[in-house]
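Residue numbers (full-length UniProt numbering), protein chains in the order written: chain A, 1 to 311; chain B, 1 to 311; chain C, 1 to 311; chain D, 1 to 311.
Where a beta carbon is used, it is the ideal one built from N, C-alpha and C, also for glycine.
Inspection log for the structure reproduced underneath, given as structure tokens.
Number of protein chains: 4
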Amino acid sequence: MSTDPAPVPRVSREEFDALFAEVRTWGRWDPAGRGAWNRVTPAHVRRAAALVRDGTTVPLGRPWDTRPAPDNLRPALHHMTDLGDVEPPEPSAHKDFLGADYHGKSVSHLDALSHIAYRGELYGGRPARGWVGAGGARFGSVADLGPLVTRGVLLDLPAVLGAAWLEPGRAVRADDVLAAERTLGADIDEGCAVLLRTGRFRRRRERGPWDPDAASAGFHVDAVPLLAERGVSLLGSDGDSDLRPSPVEGLHSPVHTLALTAMGVPLLDNLDLEGLSTACAGAGRYAFLLVVTPLNVPGGTGSPVNPVAVL
Amino acid sequence: MSTDPAPVPRVSREEFDALFAEVRTWGRWDPAGRGAWNRVTPAHVRRAAALVRDGTTVPLGRPWDTRPAPDNLRPALHHMTDLGDVEPPEPSAHKDFLGADYHGKSVSHLDALSHIAYRGELYGGRPARGWVGAGGARFGSVADLGPLVTRGVLLDLPAVLGAAWLEPGRAVRADDVLAAERTLGADIDEGCAVLLRTGRFRRRRERGPWDPDAASAGFHVDAVPLLAERGVSLLGSDGDSDLRPSPVEGLHSPVHTLALTAMGVPLLDNLDLEGLSTACAGAGRYAFLLVVTPLNVPGGTGSPVNPVAVL
Amino acid sequence: MSTDPAPVPRVSREEFDALFAEVRTWGRWDPAGRGAWNRVTPAHVRRAAALVRDGTTVPLGRPWDTRPAPDNLRPALHHMTDLGDVEPPEPSAHKDFLGADYHGKSVSHLDALSHIAYRGELYGGRPARGWVGAGGARFGSVADLGPLVTRGVLLDLPAVLGAAWLEPGRAVRADDVLAAERTLGADIDEGCAVLLRTGRFRRRRERGPWDPDAASAGFHVDAVPLLAERGVSLLGSDGDSDLRPSPVEGLHSPVHTLALTAMGVPLLDNLDLEGLSTACAGAGRYAFLLVVTPLNVPGGTGSPVNPVAVL
Amino acid sequence: MSTDPAPVPRVSREEFDALFAEVRTWGRWDPAGRGAWNRVTPAHVRRAAALVRDGTTVPLGRPWDTRPAPDNLRPALHHMTDLGDVEPPEPSAHKDFLGADYHGKSVSHLDALSHIAYRGELYGGRPARGWVGAGGARFGSVADLGPLVTRGVLLDLPAVLGAAWLEPGRAVRADDVLAAERTLGADIDEGCAVLLRTGRFRRRRERGPWDPDAASAGFHVDAVPLLAERGVSLLGSDGDSDLRPSPVEGLHSPVHTLALTAMGVPLLDNLDLEGLSTACAGAGRYAFLLVVTPLNVPGGTGSPVNPVAVL
């Protein structure tokens, strides 16, 4: 196996729709808006906490980035609003404003179920037009999710392949997932969170930023049935989990569509997994306690986050 | 003991400054900008994870609030930026912008060490003017903190007193802290995070919002040496930990000053502790795993957060 | 006539719809998105410029207000982003960020034709759903309007009535408009901009802010046919031109609906007309050159403005 | 004369400081914060209004630009906040939020006197540190300026030179200004506003955007004494009036410094002067009524604007 892009099977819309139907979990859970996070029972939480052996904490959030770049088209805002000279001392207070149109390719963030609709429908079949408007999402909002505490697994593909990173456009296919499980000794099980490392931010530091919509390493849709069968609760990546160019006819984000809209599986995009890769390699373990605490935004379609892995 | 405000000792600036000198930890840690979070070693993390028994998760963040109120003078922003009609389908994407001048009395947030200066100095003695500017904080930023995984203790004062809440202006004094430890069976130890519940948000729901700068239940400064001696890593509250009106002459936020600037102890303000109170009462335990994951904002003086307690 | 609210005729939806049909100008102009600003020909501009006699300039924009109030539910933002310490000197630069959800009751602003739809239709009958989305308005945007240079007329009702202000809820009816024209010697003619002073900001300064949605002085719909017949290009007010409570069954902003959606007449809301009142009284003239220069926002439904009257 | 950059005299800091002292108007006006706008008396306003002959209006503001580019590093924000589904109908309302860190190279904006300090001092000698803070500017704010109604003169250099534009880096020197006056028949007189067209936006449309900090056509400082002697009230440009690379040793924006800090002359940056060029050529006149109406922002260092020329 190589880190380079190679020809991958093209997928027609009919084949995609069959896949969508195959992995669909609509109607399975209550509350529906939590989707696959309903898989994470108190027993899963206890088992995840029991994974802590070293007590090492590894944050996964990228730095808040206010400068435009090919992968940062809507730069975040950071404004100082008090420098000790607005409100009266003593003491003097320093304050700041944070703002972000966080979906995109820069901010580490969680996608809630309302983020994506396919053929006009949200997860569970609700029409998007009726449930998402200028006031926010009335179904599948990030406030419906709350925090996630579960077992995390790092699919460190560059480590598996002995490479610094996957080249943009490299597909991660079902076989790659199985090879990673085997090589890294980390099985994907019910309720776990799968984090896919492609080495994007190492490549970005060494080669500079590029447009991820043009070319990104990510899952080919043929890996999704495997993840669905194992019952994952969350997919995360240092990209956005989707392979680009998309292998699916007329569909720019097929993994987003399958995960969020068919399976009810939230996504974590733009994680910095470089530190976690080092930590896992050092510990010789690729499974850990993962904690994700999105902001409590009623009607929000997601949230900037800084998840933490605890080894 | 009562839940009502009662006369409390007034504290002169000289007495305060003596207290400041007494609890000061300047020079003790490296990196200095992490302050008391340096107390939380891997061993603390392991012991905190071992507190998980039920696998119950309780989020502590208030809903993002876009409406002005006496305790929300700078309402947060939540704008939908794509309703499936901006970027081309398929799939269609829903996106939103979040913005907040989050310090204040509404957003659940973490204060990093750079938030407060006393007599012009930040924690460790650096002059605020040289280290905090329009570009952000070059010392004591939230990016220096990273995540916190530690043992949390809920000082549920209303539960101790058999009341719904403490009235605004009620001081929480050293004796109250000792009584709470005893009654609730939760000792405050090295590296732990202390969360003070005053019942603010139950009162707000039943009585409506009020101006917390005029009257808030919070720690009297005479409780701080006890907390310092125990070596806490974090103070949090459903208010902002400070008693108001302030008992200290000419100082509006003396607990902020002692915690952040003298002791290097970050603060969590405006937590919703109602659910945690119920959960702790149900479990018969007031100590738990606490995870705080601030956004990774270089130069930020804090971050909106949604901490999670795991019982 | 009194400045106090008095019972006014209630208007049924059927009567309103008849009125809507009566004053409708759909199909009259090209480009349609400029609406009644198409009335202002170069000849009107020349005649307006010829009104300048004293050379006195009077700005009509309220101060940008960052503090919440009963009439400022979405306070404007003003953040300093450089205090000479972000970009390198010399020279040193001071910079700021301005932000506003400017529709509402505080910011002086212009409403473009896309701001309001009635029965799902914009001016000219286009369906709002197809023409306004998360990306902005594709018809009737403020960028379609451009600047307005025309004759302005101040209907200074408190001056007519010898009062400091109209009480909130006081209707301005067709008779009031005719009386103002007569008393002030300012006729409303083709292409002119009519500015209605109710004295709101004098009252606000003396009595404090109130909720204008509960009670505002403004035009009763029975004044609109007169304004339509005269061919006005713009309606402005120190309120938002609408009487509240609304006299029309089930319709909260009937004058907005008639002006923007039926007549294609943009609105200026929340002007400070106190200085203009003084200037007109001093000059003994209530007609002047008016210049309105909205920001050039493609897809914008309006713009914050600071119009200027030149006497 | 050519449109291409040519070697220009380098200016030492001593020479610059002598120039600064030569053109300085400190102490001349009251209120000082209006600077050279104090030159514009009612008589100037009347004469400016009398310039209107055709009744043609030409807006000078660029489109609000939300996309990053080499000349748009802090893209403006435009968010729809109501699409008829937030507040209850009827009628339905469409609303939007506008935000901009408007200083920079994209937004058409006015610089107030507080925008620039030289050697730590604002216009008039006030120390910047004491007068500009996180709460805004307490001297020289845009609210001190109010609107400007005066005679405008277009220095259409490409028209003078028979070219499409000046190449970035081309200096506009005193001789160029005199040649433009002569050729275009527009004299620069007391109180007038001088608008310098370099053809930037025609070049941008044909060649694409570039980094204006690296190379811009603009005034060489040797043109400034001439402008000072004539008593201009305002300098505007389709760039930001400054030549770049700067000819002055260690000073990136010498014309900003001379205009704002020495002379008290506000600046208009990033105007789109293409339409005005066409209109002036058509009318055979390069002088006109100019109206600038900045937003009324207390403490603001400037304002986005959309000035209008009336021919």
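A Cβ-Cβ separation of about 3 Å places glycine 199 of chain D in contact with tryptophan 165 of chain D under the 8 Å criterion.
Flagged as an interface residue toward chain C: glutamate 90 of chain D, by a C-beta distance shorter than 8 Å.
Residues of the stretch 52-84 of chain A with a C-beta less than 8 Å from any C-beta of chain C: Leu77, His79, Met80, Thr81 and Leu83, listed in chain order.
A straight line joining the alpha-carbon of glycine 104 of chain A with that of valine 297 of chain B spans about 17 Å. Less than 8 Å separates the beta-carbon of glutamate 90 of chain A from that of leucine 251 of chain B.
A direct Cα-to-Cα measurement between asparagine 72 of chain B and phenylalanine 139 of chain C gives close to 36 Å. Of the candidates A/Ser141, A/His79, A/Gly135 and A/Trp26, A/Gly135 places its Cα closest to the Cα of arginine 67 of chain B. Taking 8 Å as the cut-off, the beta carbon of proline 254 of chain C is found closer than this to the beta carbon of phenylalanine 16 of chain C.
Contacts with chain A (Cβ-Cβ distance below 9 Å) from the stretch 172-193 of chain B involve no residue at all.
Assigned with DSSP and collapsed to three states, threonine 293 of chain A falls in coil, not helix or strand. Under the 8 Å criterion on CB atoms, glycine 135 of chain B is classed as interfacial with respect to chain C. Contact of valine 86 of chain C with chain B by beta-carbon distance below 7 Å involves Ala134 and Gly135.
Separation of arginine 46 of chain A and aspartate 222 of chain A (C-alpha to C-alpha, rounded to the nearest whole angstrom) is 32 Å. Proximity of phenylalanine 97 of chain C to chain A, defined by a Cβ-Cβ separation below 8 Å, is satisfied.
Under the three-state reduction of DSSP, tyrosine 123 of chain B is assigned to helix.
The Cβ atoms of alanine 287 of chain A and glycine 152 of chain A lie closer than 8 Å to each other. Look at glycine 27 of chain D: its C-beta is not under 8 Å from any C-beta on chain C. Taking the Cα of arginine 74 of chain D as reference, the smallest distance to any Cα among D/Glu87, D/Ala100, D/Arg202 and D/Gly55 is reached at D/Ala100.
The contact set of arginine 46 of chain C on chain D, defined by CB atoms closer than 8 Å, consists of Val52, Arg53, Asp54 and Gly55 in chain order.
Burial check for leucine 178 of chain B: the Cβ neighbour count within 10 Å stays below 16, so the residue is exposed.
At a cut-off of 8 Å between beta carbons, glycine 300 of chain B contacts chain A.
Per DSSP, threonine 25 of chain A lies in no alpha helix (DSSP H) segment and is marked neither H nor E. Here serine 246 of chain B is buried, its C-beta having at least 16 other C-beta atoms within 10 Å.
Think of a sphere of 7 Å around the beta carbon of serine 253 of chain A: the chain B residues whose beta carbon falls inside it are Pro91, in chain order. Below 8 Å, enough C-beta pairs join the stretch 169-178 of chain D and the stretch 215-231 of chain D to call them touching: three or more.
Look at the beta carbons and you see the stretch 222-231 of chain A not touching the stretch 106-113 of chain A: under three pairs across the two are nearer than 8 Å. Between the alpha carbons of alanine 279 of chain C and isoleucine 116 of chain D lies a distance of about 34 Å. Sixteen is the threshold: since fewer than 16 other Cβ atoms of the shown chains lie within 10 Å of the Cβ of serine 2 of chain D, the residue is exposed. Less than 8 Å divides the Cβ of glycine 55 of chain B from the Cβ of alanine 43 of chain A. Nearest neighbour of lysine 95 of chain D by Cα position, chosen from C/Arg119, C/Arg202, C/Gly300 and C/Ala281, turns out to be C/Gly300.
In summary, threonine 57 of chain A is buried, with 16 or more beta-carbon neighbours lying within 10 Å of its beta-carbon over all protein chains present.
Taking each of A/Leu258, A/Thr293, A/Arg182 and A/Glu249 in turn and checking the Cα distance to serine 12 of chain A, the smallest one comes out for A/Glu249. The residue among D/Val160, D/Ala186, D/Ser233 and D/Arg24 with its C-alpha nearest the C-alpha of aspartate 176 of chain D is D/Val160. Pairing leucine 243 of chain A with valine 8 of chain A, the inter-Cα distance amounts to about 11 Å.
In the structure shown, aspartate 101 of chain D adopts extended strand secondary structure according to DSSP, grouped into three states.
Under the DSSP assignment, threonine 3 of chain B falls outside any beta strand (DSSP E); it carries neither an H nor an E label.
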